[in-house]
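Just so you know, the sequences run in chain order A and B. Its first residue numbered 0, the first sequence is counted upward by one per residue in numbering that gives the first Met the number 0. Its first residue numbered 0, the second sequence is counted upward by one per residue in numbering that gives the first Met the number 0.
Protein chains: 2
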Amino acid sequence: MVKIEEVVKGVLAGDKRSVARAITMVENSPEEAQSLIAAVYPNTGKAHILGLTGPGGSGKSTLIEKMIREYRRRGKTVGIIAVDPTSPFTGGAFLGDRIRMQELTTDDGVFIRSMATRNNPGGIAKATKDAVKILDASGKDVIIVETVGAGQSEVEIIKVAQTIIVIHAPGLGDEIQAIKAGIMEIADIFVINKADRENADKAVMDIQAMLQLDNKEKAWTPPIIKTVALTGEGVPQLIEKIEEHWRFLQKGLLHKRSLEKAEAELVEAIKDKVTSSIIKKLKREKRFEEILRRIVDREIDPVSAAEKLLDQILE
Amino acid sequence: MVKIEEVVKGVLAGDKRSVARAITMVENSPEEAQSLIAAVYPNTGKAHILGLTGPGGSGKSTLIEKMIREYRRRGKTVGIIAVDPTSPFTGGAFLGDRIRMQELTTDDGVFIRSMATRNNPGGIAKATKDAVKILDASGKDVIIVETVGAGQSEVEIIKVAQTIIVIHAPGLGDEIQAIKAGIMEIADIFVINKADRENADKAVMDIQAMLQLDNKEKAWTPPIIKTVALTGEGVPQLIEKIEEHWRFLQKGLLHKRSLEKAEAELVEAIKDKVTSSIIKKLKREKRFEEILRRIVDREIDPVSAAEKLLDQILE
Chain A
0 MVKIEEVVKG
10 VLAGDKRSVA
20 RAITMVENSP
30 EEAQSLIAAV
40 YPNTGKAHIL
50 GLTGPGGSGK
60 STLIEKMIRE
70 YRRRGKTVGI
80 IAVDPTSPFT
90 GGAFLGDRIR
100 MQELTTDDGV
110 FIRSMATRNN
120 PGGIAKATKD
130 AVKILDASGK
140 DVIIVETVGA
150 GQSEVEIIKV
160 AQTIIVIHAP
170 GLGDEIQAIK
180 AGIMEIADIF
190 VINKADRENA
200 DKAVMDIQAM
210 LQLDNKEKAW
220 TPPIIKTVAL
230 TGEGVPQLIE
240 KIEEHWRFLQ
250 KGLLHKRSLE
260 KAEAELVEAI
270 KDKVTSSIIK
280 KLKREKRFEE
290 ILRRIVDREI
300 DPVSAAEKLL
310 DQILE
Chain B
0 MVKIEEVVKG
10 VLAGDKRSVA
20 RAITMVENSP
30 EEAQSLIAAV
40 YPNTGKAHIL
50 GLTGPGGSGK
60 STLIEKMIRE
70 YRRRGKTVGI
80 IAVDPTSPFT
90 GGAFLGDRIR
100 MQELTTDDGV
110 FIRSMATRNN
120 PGGIAKATKD
130 AVKILDASGK
140 DVIIVETVGA
150 GQSEVEIIKV
160 AQTIIVIHAP
170 GLGDEIQAIK
180 AGIMEIADIF
190 VINKADRENA
200 DKAVMDIQAM
210 LQLDNKEKAW
220 TPPIIKTVAL
230 TGEGVPQLIE
240 KIEEHWRFLQ
250 KGLLHKRSLE
260 KAEAELVEAI
270 KDKVTSSIIK
280 KLKREKRFEE
290 ILRRIVDREI
300 DPVSAAEKLL
310 DQILE
């Protein structure tokens with residue numbers, strides 16, 4: 000058994016193996032996760048957290064690979080957390096181009112980790128938030144969270160980021176676009192990758208059209224950057240825009256967002272604590288069984304039943 | 000203002016307009032939803048609830064249309080709830096073939112409703128459950144809940160069903176299959192639609208291969224039905240299989256599942272009640288602001304902060 004204190008020490012020293020162990024801990028054990036996060040938390044808050052999302056076929060992984068190389072050229076250290084949908088039948092995440100990215104892991108300034116959604120799709124958002132904190136505490140300058148951007152749980156995950164980048168490519172199906180709708184709204188930067196393909200300008204115009212529909216007054220207008228990840232074209236411009244957004248956030252919005260994020264995390268933690276202790280207590284009582292039977296027999300509906308059970312606990 | 004009692008009366012009488020109003024109420028107002036559901040709840044528990052899910056391009060809507068016609072031929076009334084991902088930019092769900100289904104709505108034995116996920120993706124599972132209860136209380140024999148089956152929230156929604164039907168079609172991309180992994184595990188019946196296309200047999204074999212990987216002993220082995228929704232081929236056989244599954248459930252599993260469902264709904268309701276009342280209370284206190292500031296300043300992590308706040312409330 001590795002002691003948590005040792006792992007924490009390693010994380011704070013930026014030791015790669017300790018970071019890997021720490022992330023495994025937060026994935027597997029909620030109790031260890033909490034001791035660990037509580038210990039590293041004072042050392043967090045320094046990294047710039049990017050969320051990168053886009054459908055399969057948009058060239059996301061290749062783009063991230065090139066972004067890492069550009070950041071390294073600029074002397075910055077980078078952590079990457081890839082969150083992927085996973086088949087419970089095959090038991091593993093799609094690797095694909097990610098293998099090429101693994102080459103980068105011989106570089107001590109880069110840490111790459113794939114988080115499988117496996118049998119715990121609810122816990123993945125929490126585990127990702129914890130993994131970001133670990134990488135932050137380990138001293139990484141930039142942390143990239145990668146998702147495929149399908150569905151609501153993905154939107155939850157990406158919200159850990161301070162700068163959200165949505166990647167498109169010409170010629171991807173309409174359905175994929177629709178699924179990503181919730182994410183488009185919270186994007187800070189758009190990227191049209193594979194910009195050497197025909198229809199790239201049409202893809203840019205589609206996004207512009209969508210942005211114009213959203214006529215809220217905004218202090219930051221999401222720019223649209225064209226890249227060709229395979230050749231690296233446009234990647235330095237993308238990094239420039241990301242840095243620009245970071246400076247923009249630091250001018251004021253960052254503190255407001257930190258407060259909001261702190262409140263959301265606090266409320267979430269309160270919910271977890273309260274419900275687990277109260278439900279554990281209620282389940283031990285005989286009237287819990289009794290009221291379940293009444294729900295099944297259609298004598299009372301679940302919400303009224305909950306009110307009844309709680310009447311005695313809450314004033 | 001329509002009185003809730005009037006709407007309830009209309010729902011129980013099977014009045015179409017009242018059912019529509021009731022569903023709008025549960026979509027828009029949690030308070031009205033609760034009074035309404037509590038009132039209709041004793042009249043629920045009679046319908047057979049089907050969950051139908053499959054990616055865009057699988058011909059889901061056309062298949063549902065043909066299923067409705069077959070059920071009507073057999074003298075059964077049908078309610079349909081279509082849950083779709085919705086763009087907050089366009090503000091509306093994709094209609095597509097659904098328009099053709101609207102023709103069916105002149106039939107008093109059919110009720111079709113589209114639920115938009117709009118700005119409340121978390122609430123959609125709850126609203127769908129409530130809508131199912133309303134249709135059930137209104138006397139529909141069969142209720143079909145349709146989703147596109149992408150992501151975890153969709154899996155949540157489809158779990159309202161007693162019989163879960165997963166639709167595939169030959170030649171759909173790999174990515175879509177992966178996203179649906181969580182749903183494949185809980186499927187009771189598989190449908191290969193567009194079975195007149197080449198590769199239909201390959202699609203059947205792919206599912207068979209996946210089912211064999213799952214070597215748990217099961218009382219019900221999910222059958223794979225081939226259909227051609229456009230011509231209606233295979234639809235009577237599908238309905239037969241659905242009825243067979245219904246009889247299978249009634250032999251014993253149905254009661255067990257009803258108990259599980261009741262417990263899940265009760266626990267959910269308890270969580271809602273507890274957290275909303277406790278968080279409301281905490282937010283009024285001065286130390287809530289104070290502890291938020293300490294989280295932002297990295298003096299304490301959110302979970303430890305939650306423990307601190309709750310120490311006084313919970314024993």
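By construction, the Cβ of each residue, glycine as well, lies at the ideal position given by its N, Cα and C atoms.
Cβ-based neighbour list, residue i, same chain, cut-off 8 Å, excluding 5 preceding and 5 following
i, result
"B:Gly58", "Ile166, Ala168, Asn192, Lys193, Ala228 and Leu229"
"B:Asp300", "Ile294"
"B:Lys240", "Ile188, Pro222 and Ile224"
"B:Glu325", "In the structure as shown, chain B begins at 0 and stops at 314. Residue 325 of chain B is therefore absent and cannot be evaluated."
"A:Glu5", "Ser17"
"B:Lys132", "Ile36, Val39, Tyr40 and Thr43"
Residue from the options whose Cα sits closest to the Cα of residue i
i, options, result
"A:Ala261", "A:Leu308, A:Gly44, A:Gln33 and A:Ala21", "A:Gly44"
"A:Lys307", "A:Leu281, A:Asp296 and A:Val295", "A:Leu281"
"A:Gly9", "A:Ser137, A:His244, A:Lys65 and A:Glu30", "A:Ser137"
"A:Glu242", "A:Gln161, A:Ser113, A:Ile157 and A:Ala126", "A:Gln161"
"B:Ile48", "B:Ala32, B:Lys225, B:Trp245 and B:Ser28", "B:Trp245"
"B:Gly170", "B:Asp195, B:Ile164, B:Leu265 and B:Glu232", "B:Asp195"
"A:Leu253", "A:Leu309, A:Ile238, A:Val159 and A:Arg68", "A:Val159"
"B:Thr61", "B:Arg297, B:Val266, B:Glu232 and B:Gly251", "B:Glu232"
"A:Ile223", "A:Ile188, A:Pro235, A:Arg297 and A:Gln236", "A:Ile188"
"A:Ser28", "A:Thr76, A:Lys125, A:Ala304 and A:Thr104", "A:Lys125"
"B:Thr104", "B:Ile67, B:Glu197 and B:Lys132", "B:Ile67"
"B:Ala304", "A:Arg297, A:Ala268 and A:Arg71", "A:Ala268"
"B:Gln249", "B:Glu31, B:Ala46 and B:Lys2", "B:Ala46"
"B:Ile156", "B:Gly50, B:Gly13, B:Leu11 and B:Leu212", "B:Gly50"
"B:Thr76", "B:Thr52, B:Phe110 and B:Val82", "B:Phe110"
"B:Lys353", "B:Arg71, B:Arg292, B:Gln211 and B:Ala263", "Residue 353 of chain B falls outside the range modelled here, since chain B spans only 0 to 314, and no answer is possible."
"B:Leu258", "A:Glu264, A:Glu288, A:Gly74 and A:Ala263", "A:Glu288"
Residues bridged to residue i [DSSP beta-bridge criterion]
i, result
"B:Val165", "B:Thr52 and B:Phe189"
"B:Arg112", "B:Ile80"
"A:Val141", "A:His47 and A:Val77"
"B:Glu232", "B:Val227"
"A:Thr146", "A:Thr52"
Residues near residue i by beta carbon distance below 6 Å, same chain, minus five either side
i, result
"B:Leu134", "Gly78 and Ile142"
"B:Arg112", "Ile22 and Ile80"
"A:Asp310", "none"
"B:Phe247", "Trp219"
"A:Ile185", "Ile163"
"A:Lys2", "none"
"A:Lys263", "Contrary to the premise, residue 263 of chain A reads as Ala rather than Lys in this sequence. Once the five neighbours on either side are set aside, A:Ala263 has no close Cβ partner at all."
Chain B contact residues for residue i, given Cβ-Cβ distances below 9 Å
i, result
"A:Val273", "Lys270, Val273, Thr274, Ile277, Ile278, Ala305, Leu309, Ile312 and Leu313"
"A:Ala37", "Ile299, Asp300, Val302 and Ser303"
Neighbouring residues, chain B, relative to residue i (Cβ below 8 Å)
i, result
"A:Pro41", "Arg297 and Glu298"
"A:Lys281", "A quick correction: the sequence has Leu, not Lys, at residue 281 of chain A. Ordered by position in chain B, the residues that pass the 8 Å Cβ test against A:Leu281 are Ile269."
"A:Ile294", "Ala261, Glu264 and Leu265"
Under 7 Å from the C-beta of residue i: neighbouring residues of chain B
i, result
"A:Glu264", "Pro301"
"A:Gln33", "Val302"
"A:Leu291", "Leu258, Ala261, Glu262 and Leu265"
Own chain residues within Cβ distance below 7 Å of residue i, not counting five before or after
i, result
"A:Met183", "Val165 and Met209"
"A:Asp107", "Lys15"
"B:Ala130", "Ile22, Val25, Ile80, Arg112 and Met114"
"A:Ala177", "For A:Ala177, the predicted structure reports a pLDDT of 43, less than 50, and the residue's modelled location is therefore unreliable. A value from the coordinates is still provided. Counting only Cβ-Cβ distances below 7 Å, and skipping sequence neighbours, we find nothing."
"B:Gln33", "none"
"B:Glu69", "Val234, Pro235 and Ile238"
"B:Gly55", "Val147"
"B:Asn42", "Leu11 and Ala136"
"B:Lys65", "Ala228, Gly231 and Val234"
Neighbour list for residue i in chain A, Cβ cutoff strictly below 8 Å
i, result
"B:Gly44", "Arg297"
Can we say the segment 268 to 287 of chain A touches the segment 17 to 32 of chain B, given the rule of at least three CB pairs closer than 8 Å? Taking one beta carbon from each stretch, the segment 268 to 287 of chain A and the segment 17 to 32 of chain B have fewer than 3 pairs nearer than 8 Å; the two do not touch.
Can we say the segment 201 to 208 of chain A touches the segment 25 to 43 of chain A, given the rule of at least three CB pairs closer than 8 Å? No: the two stretches stay apart, fewer than three of their Cβ pairs being nearer than 8 Å.
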